[in-house]
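Residue numbers (my numbering): 3 to 115.
Here a beta-carbon is modelled for each residue, glycine too, at the ideal position from N, C-alpha and C.
Everything on this sheet refers to the single structure shown next.
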């Protein structure tokens, strides 16, 4: 909810912060992938220690991939909303109606399962 408020109050700064966060997450992901590679090659760790450490790094990598996906989804939504705002009023209302109808249809199909 706090992110929603921030995106309304200062959308360009919020989008910039999302892009910056994404860059940091990508760097952390790369570092974790290097760490995983080096760990699997290291002669210092015994098999049980290595297995445990590899599991932790793989979990961190999966989490980073999920976080990057969430940031990407937020940026896509931001860009779509920004594009809609720039449309002439009639087109904007039509597009917003289409989005609302799609959400309602999605909700109906989810509730039937």
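- Nearest Cα to residue 55 within the set 42, 94, 66 and 19: 42.
- When rounded, the separation of the alpha-carbon atoms in residue 64 and residue 95 is 39 Å.
- With a cutoff of 8 Å on beta-carbon distance, residue 34 and residue 66 are scored as near each other.
- In the assembly as shown, residue 73 is a buried residue. Its beta-carbon has 16 or more other beta-carbons within 10 Å.
- Secondary structure of residue 90 (DSSP, three-state): coil.
- Our two residues, residue 90 and residue 97, have alpha carbons roughly 11 Å apart in a direct line.
- Between the alpha carbons of residue 46 and residue 39 lies a gap of roughly 14 Å.
- Residue 27 and residue 37 have their C-alpha atoms roughly 15 Å apart.
- In the structure shown, the three-state DSSP call for residue 47 is coil.
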